[in-house]
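Colleague:
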Amino acid sequence: MAASSLKSEQRKFIVLFLTPALATILVFTTIPALTTLSYAFFKWDGFVRGGFAGFENFKRLFSFPFRGQFLLALQHNILVFVAVMILQTSIGILIAYSLFQLKRRQRFFRTVTFLPVIFSLVVVGYMWQVLLDPYYGPINRVITNLGFESLAKPWLGSMSTALPTLVFINLWRWVGFPAIIFLSGLNAINQEFIEAARIDGASEGQIFRKIMFPLLAPSMTIISVLTFIGAFEWFDLPFVIGGSNGNPAGATDTLALMFYRLSFGSVDSNANEIGIGSSLGVLIFVIVGVGAGIGQHLLRKREVDQ
265 MAASSLKSEQ RKFIVLFLTP ALATILVFTT IPALTTLSYA FFKWDGFVRG
315 GFAGFENFKR LFSFPFRGQF LLALQHNILV FVAVMILQTS IGILIAYSLF
365 QLKRRQRFFR TVTFLPVIFS LVVVGYMWQV LLDPYYGPIN RVITNLGFES
415 LAKPWLGSMS TALPTLVFIN LWRWVGFPAI IFLSGLNAIN QEFIEAARID
465 GASEGQIFRK IMFPLLAPSM TIISVLTFIG AFEWFDLPFV IGGSNGNPAG
515 ATDTLALMFY RLSFGSVDSN ANEIGIGSSL GVLIFVIVGV GAGIGQHLLR
565 KREVDQ
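Last residue of the sequence shown: 570 (the numbering used here), numbering continuous.
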């Protein structure tokens with residue numbers, strides 16, 4: 265009887281603590297997602313909903329003039345994912361391994377590594393705009409003073425360098441996150457494996473390749489899935505620096521920016537296409553959901569139990 269009463273009390277506490285979180289998810293995630301899904305199947309006159317349109321909004325999304333914008337934005341999202349996955353993950357592992365090897369001041373360097381992650385995005389965007397200013401920015405001044413005038417460019421104003429520059433800024437801001445995740449993974453490795461390998465005469469490089477890296481698979485899964493989601497929902501940094509049009513001339517456009525323009529209008533035009541924007545939102549949701557699900561399923565198979 266006492267055990268049954270205890271279980272009942274535990275259920276009450278579980279429900280009590282879960283209810284606020286579930287209510288928040290329902291109000292701010294589930295209901296907006298379902299609403300966006302429904303909007304994609306109706307005609308719209310500005311913000312006034314019309315009759316049922318079926319898949320007409322999806323057809324218009326893949327027709328002129330939206331098709332070209334969609335393909336360009338999708339291409340940018342794919343490029344960002346590939347670049348961030350390779351560069352940010354590699355540098356993150358390198359930083360994590362360096363921190364793992366530190367015997368002193370690890371907490372200090374760990375804090376310094378993670379510090380840019382907590383900076384306000386607006387501050388980060390403005391700071392890099394000042395640093396990269398083509399006329400007064402210190403970066404171009406340093407390049408010029410070193411005698412490489414030809415390399416001094418309008419980094420954020422040129423179509424050839426704008427997107428790589430945004431990827432670099434994103435890398436600078438977020439590399440501390442995978443570094444800390446990988447550091448946690450390294451700290452979770454059973455030290456007996458490493459000590460046994462050292463006794464057998466394995467070098468530090470062999471220990472990392474044969475023991476540490478394979479056992480980082482759970483951390484790699486987390487970072488890979490989050491990187492994929494972040495890359496295909498990339499909005500904040502391109503919006504802060506390039507505006508809703510993905511300036512210069514769409515060179516930094518992404519699917520999320522295109523969704524914003526279609527749904528709420530842009531600086532150049534207040535006209536909106538809520539139906540087409542909602543259909544794009546549905547596609548983004550499908551791409552992210554399916555891609556993250558498949559990636560997680562495949563990566564889980566590589567994980568090794570300690």
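Every residue, glycine too, gets a C-beta built ideally from N, C-alpha and C.
Are the CB atoms of residue 348 and residue 491 nearer to each other than 8 Å?
Modeller: Position 84 of the sequence shown holds residue 348. Position 227 of the sequence shown holds residue 491. Yes, the Cβ-Cβ distance between residue 348 and residue 491 is below 8 Å.
Colleague: If I'm right that residue 496 touches residue 540 with Cβ under 8 Å, what's the distance once you round it to whole angstroms?
Modeller: Residue 496 sits at position 232 when you count from the first residue of the sequence shown. Residue 540 sits at position 276 when you count from the first residue of the sequence shown. About 18 Å; that fails the 8 Å criterion.
Colleague: Mind checking residue 436: buried by the 16 CB within 10 Å criterion, or exposed?
Modeller: The residue you call residue 436 lines up with position 172 of the sequence shown. That one is exposed.
Colleague: Report the three-state DSSP secondary structure of residue 367 (helix, strand or coil).
Modeller: For the purposes of this step, residue 367 is taken as residue 103 along the sequence shown, with counting starting at 1. Note: residue 367 maps to coil in three-state DSSP.
Colleague: Do residue 410 and residue 577 count as a contact pair if the criterion is CB distance below 8 Å?
Modeller: Missing from the structure shown is residue 577; the chain here goes from 265 to 570 and no further.
Colleague: According to DSSP, is residue 387 part of a helix, a strand, or is it coil?
Modeller: Residue numbering aside, residue 387 sits at position 123 when the sequence shown is read from its first letter. Correct three-state label for residue 387: helix.
Colleague: To the nearest angstrom, how far is the alpha carbon of residue 317 from that of residue 307?
Modeller: Sequence index remark: in the sequence shown, residue 317 carries index 53 (1-based). Sequence index remark: in the sequence shown, residue 307 carries index 43 (1-based). Approximately 5 Å, taken between the alpha carbons.
Colleague: Shortest alpha-carbon distance to residue 471 belongs to which of 459, 271 and 482?
Modeller: Looking up residue 471 in the sequence shown gives position 207. That would be 459, whose Cα lies nearest to the Cα of residue 471.
Colleague: Could you compute how far the alpha carbon of residue 320 sits from the alpha carbon of residue 545?
Modeller: As a first step, residue 320 is located in the sequence shown; it is residue number 56 there, counting from the start. As a first step, residue 545 is located in the sequence shown; it is residue number 281 there, counting from the start. When rounded, the distance between both Cα atoms is 15 Å.
Colleague: Going by beta carbon distance, what residues of the same chain come within less than 6 Å of residue 443, once the five residues before and after it are set aside?
Modeller: What you label residue 443 is simply residue 179 of the sequence shown in a count that begins at 1. Same-chain partners within the cutoff: 356, 359, 360 and 377.
Colleague: So, does the region 467–481 touch the region 420–431, judging by three or more C-beta pairs under 8 Å?
Modeller: The region 467–481 is not in contact with the region 420–431.
Colleague: Taking only runs of the alpha helix (DSSP H) that begin and end inside the region 452–530, which ones reach a length of at least 4 residues, in chain order?
Modeller: The region 452–530 contains these whole alpha helix (DSSP H) runs: 455–463, 468–471, 481–496, 500–506 and 519–528.
Colleague: Have a look at 517, 386 and 375 and flag the residue whose alpha-carbon is nearest the alpha-carbon of residue 447.
Modeller: Locating residue 447 in the sequence shown gives position 183, counting from the first residue. Comparing Cα-Cα distances from residue 447 to each of 517, 386 and 375, the minimum goes to 375.
Colleague: In whole angstroms, what separates the C-alpha of residue 393 from that of residue 505?
Modeller: If you number the sequence shown from 1, residue 393 lands on position 129. If you number the sequence shown from 1, residue 505 lands on position 241. Answer to the nearest angstrom: the Cα atoms are 7 Å apart.
Colleague: Counting along the chain, where does the beta strand (DSSP E) carrying residue 437 start and finish?
Modeller: As a working mapping, residue 437 is identified with position 173 in the sequence shown. That residue, residue 437, is in no beta strand (DSSP E); its alpha helix (DSSP H) goes 426–438.
Colleague: For residue 517, count neighbouring C-beta atoms within 10 Å of its own C-beta (all shown protein chains included) and say buried if the count is 16 or more, exposed if not.
Modeller: The count along the sequence shown starts at 1 and reaches residue 517 at position 253. Flag for residue 517 reads buried.
Colleague: By Cβ distance, which residues of its chain are closer than 8 Å to residue 481, with the 5 residues on each side in sequence left out?
Modeller: Residue mapping note: residue 481 aligns to position 217 of the sequence shown, counting from 1. Correct list, in chain order: 563, 566, 567 and 568.
Colleague: Out of 414, 500, 298 and 526, state which residue places its alpha-carbon closest to the alpha-carbon of residue 325.
Modeller: The residue you call residue 325 lines up with position 61 of the sequence shown. Closest by alpha carbon: 526.
Colleague: Mind pulling the beta strand (DSSP E) runs of 3 or more residues that sit fully within the region 293–359?
Modeller: Taking only runs of at least 3 residues, the beta strand (DSSP E) segments lying wholly in the region 293–359 are 306–309 and 312–316.
Colleague: Let me make sure I understand the geometry here. Which of 383, 414, 387 and 384 has the alpha-carbon closest to that of residue 398?
Modeller: Counting from 1 along the sequence shown, the entry for residue 398 is found at position 134. Residue 398 has its Cα closest to that of 414, out of 383, 414, 387 and 384.
Colleague: Taking residue 420 as the reference, which of 515, 557, 483 and 479 has the closest Cα?
Modeller: One-based indexing of the sequence shown puts residue 420 at position 156. Cα-wise, what sits closest to residue 420 is 515.
Colleague: The alpha helix (DSSP H) that contains residue 538, what's its start and end?
Modeller: Indexing the sequence shown from 1 puts residue 538 at position 274. Counting along the chain, the alpha helix (DSSP H) containing residue 538 begins and ends at 538–564.
Colleague: Tell me the residue span of the alpha helix (DSSP H) that contains residue 402.
Modeller: Counted from its first residue, the sequence shown places residue 402 at position 138. Unbroken alpha helix (DSSP H) run through residue 402: 402–409.
Colleague: In the structure shown, what three-state DSSP assignment does residue 285 receive?
Modeller: For the purposes of this step, residue 285 is taken as residue 21 along the sequence shown, with counting starting at 1. Here residue 285 sits in helix by DSSP.
Colleague: Rounded to a whole number of angstroms, what is the C-alpha to C-alpha distance between residue 312 and residue 538?
Modeller: For the purposes of this step, residue 312 is identified with residue 48 of the sequence shown, where counting begins at 1. For the purposes of this step, residue 538 is identified with residue 274 of the sequence shown, where counting begins at 1. If you take the alpha carbons of residue 312 and residue 538, they lie about 9 Å apart.
Colleague: Tell me the rounded alpha-carbon separation between residue 461 and residue 453.
Modeller: Position 197 of the sequence shown, counted from the first residue, corresponds to residue 461. Position 189 of the sequence shown, counted from the first residue, corresponds to residue 453. Near 13 Å, if we compare the C-alpha coordinates of residue 453 and residue 461.
Colleague: Determine whether the beta carbon atoms of residue 439 and residue 365 lie at a separation below 8 Å.
Modeller: Here residue 439 is taken as the residue at index 175 of the sequence shown, counted from 1. Here residue 365 is taken as the residue at index 101 of the sequence shown, counted from 1. No, the pair does not count as a contact, with Cβ atoms beyond the cut-off.
Colleague: Tell me, to the nearest whole angstrom, how far the beta carbon of residue 422 is from that of residue 502; I am working on the premise that it is less than 8 Å.
Modeller: Within the sequence shown, numbered from 1, the residue matching residue 422 stands at position 158. Within the sequence shown, numbered from 1, the residue matching residue 502 stands at position 238. Between residue 502 and residue 422 the Cβ distance is about 15 Å, and since that is not below 8 Å, they are no contact.
Colleague: Could you give the distance in angstroms between the alpha-carbon of residue 278 and the alpha-carbon of residue 557?
Modeller: Taking the sequence shown and counting its residues from 1, one reaches residue 278 at position 14. Taking the sequence shown and counting its residues from 1, one reaches residue 557 at position 293. Looking at the two C-alpha atoms, the distance is approximately 28 Å.
Colleague: Starting from the C-beta of residue 385, find all residues in its chain whose C-beta is less than 7 Å away, skip the five residues before and the five after it, and write them out in chain order.
Modeller: Sequence index remark: in the sequence shown, residue 385 carries index 121 (1-based). Result list for residue 385: 500, 501 and 504, in chain order.
Colleague: Can you tell which of 354, 405, 291 and 286 has the C-alpha that lies nearest to the C-alpha of residue 487?
Modeller: Here residue 487 refers to the residue found at position 223 when the sequence shown is read from its first residue. If we check each option's Cα against that of residue 487, 354 comes out closest.
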